[in-house]
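S.K.: Okay, handing you the structure first.
Protein chains: 2
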Amino acid sequence: MKNSNISNSVIRRLPRYYRFLGELMNEGKEKISSKELSERMKLTASQIRQDLNCFGGFGQQGYGYNVGVLRGEIAEIIGIEKKTDVIIIGAGNLGRAIASGMNFDERGCRLIGIFDDNPDIKNTETAGFSVMGMEDLAAFCGENSPKIAVLCIPEESAKSVCDELISLNVRSFWNFSHFDINLHYEDVTAENVHMGDSLLTLVYGVNNRQNRPANGVF
Amino acid sequence: MKNSNISNSVIRRLPRYYRFLGELMNEGKEKISSKELSERMKLTASQIRQDLNCFGGFGQQGYGYNVGVLRGEIAEIIGIEKKTDVIIIGAGNLGRAIASGMNFDERGCRLIGIFDDNPDIKNTETAGFSVMGMEDLAAFCGENSPKIAVLCIPEESAKSVCDELISLNVRSFWNFSHFDINLHYEDVTAENVHMGDSLLTLVYGVNNRQNRPANGVF
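Here the protein sequences come in this chain order: A and B.
For reference, each letter of the first sequence is one residue, going 4 to 221 in the working numbering.
For reference, each letter of the second sequence is one residue, going 4 to 221 in the working numbering.
Put into structure tokens, the structure is as follows:
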């Protein structure tokens, strides 16, 4: 598996391949050509061959790709079987939406705890968990060593929460706050979901439809 | 304003410029050089000059950029002053999180209605709105012509909801479902927030830290 020096854009497309291949499996499809896959995903066939070659090139001339094998290889590259432990910080509407709506298990994760410092939310039940207070965080992390923290908190509290989490050796963040983690810390892994930026991109698209790419996705 | 033929990646960075320039304004900064801006945003200065040139090049040699003017120009390009009308479909946890947590007004939008077909949710109050039933959608759209629909619904119901919305002349979607709108319709504008793909990207990052880009962002 030659997964070093993979470009960011290929990495960004990996989950999409994984998702489409899962749908193909559900449809009972066992093999697929790069041409068929390209029509389905609206990428070019050569783009697909190039992307998949980055990971070792499993396609066979004249046969195409074995759907299950390819999906399994991508799962291994992503590390889905490793089951990374996750905690959620912030159990407001968004935190609860993620706790109850996201299938962590399917995505290589295991949700192990939810925290909030709001006394009205603490000790309430969400997605089968009793929400813990922030004062419980240090002991919990000492005992359970979660790797990923999902930040469903406002920007104002993000810096102090990140300081604490990093001191507790949590270094990976699924970040829904508008706080730019990567501008403040070294050696952290962050996936930032800037919902506000996403909405602005759409607003640009609505107001500039003449400049819209053919597939409507920016 | 020469905003045709702008690449997708520049468009994707526009909201980020807008956000950073807003922070600079809040700090009372009136001008900034591309070098300072680049350090702050962790982009190269030449990247910034190139990006901003796409929109007409407002920088002045030896002076830099006027923060307020530049932000205003970007706001105009995005179309923030136009106030695009938005409805939310689905008032579960995620729909409620977006209705109450997203500052639509700051982002060129006006939230005008929330819909859900769950009888337990219909007629409840969210973010100052009484949630309407899906049977009210056609009359509401006929009267108010919303342009953007925020889809906070499961993949299974997305196709039929999109069919209906498109028949009601809503052609722009902020899509939180896993339904790939662009693969099913022509002439729609969609901004897809694939939260599951985002989490998988992070899981890849956690499991492949040695291949992580220097800034930790994929």
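Beta carbons: idealized from backbone N, C-alpha and C, even for Gly.
Predicted, not measured: the structure shown is a model, and the values here were computed from it.
Could you work out which residues of chain A lie near Ala94 (chain B), taking near to mean beta carbons separated by less than 9 Å?
M.R.: For this step, residue 94 (chain B) is matched to residue 91 along the second sequence. Near Ala94 (chain B) there are no residues of chain A at all, since even the closest Cβ is about 10 Å away, more than 9 Å.
S.K.: Within a Cβ cutoff of 7 Å, which residues of the same chain sit near Glu222 (chain A), ignoring the five residues on either side of it in sequence?
M.R.: The displayed coordinates of chain A run from 4 to 221. Any statement about residue 222 (chain A) would go beyond what the structure contains.
S.K.: In angstroms with no decimal places, state the Cα-to-Cα distance between Ile90 (chain A) and Met44 (chain A).
M.R.: Here residue 90 (chain A) corresponds to residue number 87 of the first sequence, with the count starting at 1. Here residue 44 (chain A) corresponds to residue number 41 of the first sequence, with the count starting at 1. Taking the straight line joining both Cα atoms gives about 33 Å.
S.K.: Can you have a look at Glu146 (chain B) and say buried or exposed, based on whether 16 or more other CB atoms are within 10 angstroms of its CB?
M.R.: Along the second sequence, read from residue 1 onward, the residue named residue 146 (chain B) stands at position 143. By the 10 Å Cβ count, Glu146 (chain B) comes out exposed.
S.K.: Helix, strand or coil, according to DSSP, for Thr47 (chain B) in the structure here?
M.R.: Counting from one through the second sequence, the residue named residue 47 (chain B) turns up at place 44. Note: Thr47 (chain B) maps to coil in three-state DSSP.
S.K.: Please state whether DSSP places Asp200 (chain A) in a helix, a strand or coil.
M.R.: As a working note, residue 200 (chain A) is residue 197 in the first sequence. Residue state, collapsed to three classes: helix.
S.K.: Report back the beta-carbon spacing between Asn195 (chain B) and Ile81 (chain A) to the nearest angstrom; my notes put them in contact at under 8 Å.
M.R.: Walking along the second sequence from the start, residue 195 (chain B) turns up at place 192. Walking along the first sequence from the start, residue 81 (chain A) turns up at place 78. No, Asn195 (chain B) and Ile81 (chain A) are not in contact; Cβ-Cβ is about 19 Å, not under 8 Å.
S.K.: Give the residues from the stretch 138-166 of chain A that approach chain B closer than 8 Å (Cβ to any Cβ), ordered along the chain.
M.R.: Under the 8 Å Cβ criterion, the stretch 138-166 of chain A contributes Lys150, Ile151.
S.K.: Spatial neighbours of Ser148 (chain B) within its chain, please: C-beta separation below 8 Å, excluding the five flanking residues on both sides.
M.R.: In the second sequence, counting from the first residue as 1, residue 148 (chain B) sits at position 145. Asp88, Asn172.
S.K.: Are the beta-carbon atoms of Trp177 (chain B) and Leu202 (chain A) separated by less than 8 Å?
M.R.: Position 174 of the second sequence holds residue 177 (chain B). Position 199 of the first sequence holds residue 202 (chain A). In this structure, Leu202 (chain A) lies closer than 8 Å to Trp177 (chain B) by Cβ.
S.K.: Could you check which residue in B:Glu42, B:Tyr20, B:Asp123, B:Thr192 has the C-alpha nearest to that of Ala94 (chain B)?
M.R.: One-based indexing of the second sequence puts residue 94 (chain B) at position 91. For Ala94 (chain B), the nearest C-alpha among the options comes from B:Asp123.
S.K.: For Asn126 (chain A) and Val206 (chain B), what's the separation of their Cα atoms in angstroms?
M.R.: The residue you call residue 126 (chain A) lines up with position 123 of the first sequence. The residue you call residue 206 (chain B) lines up with position 203 of the second sequence. If you take the alpha carbons of Asn126 (chain A) and Val206 (chain B), they lie about 29 Å apart.
S.K.: In the DSSP assignment, the beta strand (DSSP E) including Arg212 (chain A) goes from what residue to what residue?
M.R.: In the first sequence, the residue the question calls residue 212 (chain A) occupies position 209. That residue, Arg212 (chain A), is in no beta strand (DSSP E); it is neither H nor E in DSSP.
S.K.: Would you check if the distance between the CB atom of Lys32 (chain A) and the CB atom of Val70 (chain A) is smaller than 8 Å?
M.R.: Position 29 of the first sequence, counted from the first residue, corresponds to residue 32 (chain A). Position 67 of the first sequence, counted from the first residue, corresponds to residue 70 (chain A). Yes, the pair counts as a contact, with Cβ atoms nearer than the cut-off.
S.K.: Are the C-beta of Thr47 (chain B) and some C-beta of chain A separated by less than 8 Å?
M.R.: Taking the first residue of the second sequence as 1, we reach residue 47 (chain B) at position 44. Chain A, which has no Cβ nearer than 8 Å to the Cβ of Thr47 (chain B), makes this no.
S.K.: Would you verify that the beta carbon of Met105 (chain A) is, or is not, closer than 8 Å to some beta carbon of chain B?
M.R.: As a working note, residue 105 (chain A) is residue 102 in the first sequence. Yes - at least one Cβ of chain B is within 8 Å of the one on Met105 (chain A).
S.K.: Taking 8 Å as the threshold (beta carbon to beta carbon), is Glu194 (chain A) in contact with chain B?
M.R.: In the first sequence, the residue the question calls residue 194 (chain A) occupies position 191. Chain B contact via Cβ: present.
S.K.: Identify every residue that forms a DSSP beta bridge with Ser175 (chain A).
M.R.: Along the first sequence, one-based indexing puts residue 175 (chain A) at 172. Answer is A:Ile151, A:Thr192.
S.K.: Considering only residues of the same chain and omitting the five flanking positions on each side of Leu168 (chain B), which have a CB-CB separation below 6 Å?
M.R.: Counting from 1 along the second sequence, the entry for residue 168 (chain B) is found at position 165. Correct list, in chain order: Ala152.
S.K.: Quick check: what's the CA-CA separation for Pro18 (chain A) versus Gln50 (chain A)?
M.R.: Taking the first residue of the first sequence as 1, we reach residue 18 (chain A) at position 15. Taking the first residue of the first sequence as 1, we reach residue 50 (chain A) at position 47. So the two alpha carbons sit approximately 16 Å from each other.
S.K.: Within 10 angstroms of the Cβ of Ser175 (chain B), are there 16 or more other Cβ atoms? Answer buried if so, exposed if not.
M.R.: For the purposes of this step, residue 175 (chain B) is taken as the residue at position 172 of the second sequence. The residue is buried, with at least 16 neighbouring Cβ atoms inside 10 Å.
S.K.: Compare the C-beta of Tyr207 (chain B) against all C-beta atoms of chain A and say whether one is closer than 8 Å.
M.R.: For the purposes of this step, residue 207 (chain B) is identified with residue 204 of the second sequence, where counting begins at 1. By this cut-off, Tyr207 (chain B) is an interface position.
S.K.: For Asn6 (chain A) and Arg212 (chain B), what's the separation of their Cα atoms in angstroms?
M.R.: Taking the first sequence and counting its residues from 1, one reaches residue 6 (chain A) at position 3. Taking the second sequence and counting its residues from 1, one reaches residue 212 (chain B) at position 209. Confidence at Asn6 (chain A) is low in this model, with a pLDDT of 48, below 50, so its placement is unreliable and the value that follows should be read with caution. Asn6 (chain A) and Arg212 (chain B): Cα-Cα distance of roughly 12 Å.
S.K.: Does the CB of Asn210 (chain B) have a neighbour CB from chain A at under 8 Å?
M.R.: To locate residue 210 (chain B), count along the second sequence from 1; it is residue 207. Cβ-Cβ to chain A under 8 Å: yes for Asn210 (chain B).
S.K.: When the distance is taken between beta carbons, is Tyr68 (chain A) closer than 8 Å to Ile14 (chain A)?
M.R.: As a first step, residue 14 (chain A) is located in the first sequence; it is residue number 11 there, counting from the start. As a first step, residue 68 (chain A) is located in the first sequence; it is residue number 65 there, counting from the start. Going by C-beta atoms, Ile14 (chain A) is not nearer than 8 Å to Tyr68 (chain A).
S.K.: Let me see if you follow: with CB-CB separation under 8 Å, is Leu3 (chain B) close to chain A or not?
M.R.: Missing from the structure shown is residue 3 (chain B); chain B here goes from 4 to 221 and no further.
S.K.: Nearest CA to the CA of Met198 (chain B): which residue from A:Glu42, A:Phe107, A:Ile92, A:Asn56?
M.R.: Locating residue 198 (chain B) in the second sequence gives position 195, counting from the first residue. Ranking the options by Cα distance to Met198 (chain B), first place goes to A:Phe107.
S.K.: Can you tell me the Cα-Cα spacing of Ala161 (chain B) and Phe143 (chain B), whole angstroms?
M.R.: Here the question's residue 161 (chain B) lines up with position 158 in the second sequence. Here the question's residue 143 (chain B) lines up with position 140 in the second sequence. C-alpha separation (whole angstroms): 19 Å.
S.K.: Here's the rule: buried if 16 or more other CB atoms are within 10 angstroms of the residue's CB, otherwise exposed. What is Val2 (chain A)?
M.R.: Within the shown structure, residues of chain A are numbered from 4 to 221, placing residue 2 (chain A) beyond reach of any answer.
S.K.: Since Phe111 (chain B) and Lys86 (chain B) are thought to touch, with beta carbons under 8 Å apart, how far apart are those beta carbons, to the nearest angstrom?
M.R.: Sequence index remark: in the second sequence, residue 111 (chain B) carries index 108 (1-based). Sequence index remark: in the second sequence, residue 86 (chain B) carries index 83 (1-based). Before going further, note that residue 111 (chain B) is Gly rather than Phe in the sequence given. Yes, they are in contact, since the Cβ atoms of Gly111 (chain B) and Lys86 (chain B) sit about 6 Å apart, within 8 Å.
S.K.: Taking the beta carbon of Thr47 (chain B) as the centre, do at least 16 other beta carbons fall within 10 Å, making it buried, or is it exposed?
M.R.: Stepping through the second sequence from its first residue, residue 47 (chain B) is reached at position 44. With fewer than 16 Cβ atoms within 10 Å of its Cβ, Thr47 (chain B) is classed as exposed.
S.K.: Any idea if Gly116 (chain B) is buried or exposed, counting beta-carbon neighbours within 10 angstroms, 16 or more meaning buried?
M.R.: Here residue 116 (chain B) corresponds to residue number 113 of the second sequence, with the count starting at 1. Looking at its Cβ environment, which holds 16 or more other Cβ atoms inside 10 Å, Gly116 (chain B) is buried.
S.K.: What residue range is occupied by the uninterrupted beta strand (DSSP E) comprising Ile92 (chain A)?
M.R.: What you label residue 92 (chain A) is simply residue 89 of the first sequence in a count that begins at 1. It spans 87-92 - the beta strand (DSSP E) in which Ile92 (chain A) sits, taken as one unbroken run.
S.K.: Against chain B, with Cβ distances strictly below 8 Å, would Ser133 (chain A) count as a contact?
M.R.: Looking up residue 133 (chain A) in the first sequence gives position 130. By this cut-off, Ser133 (chain A) is not an interface position.
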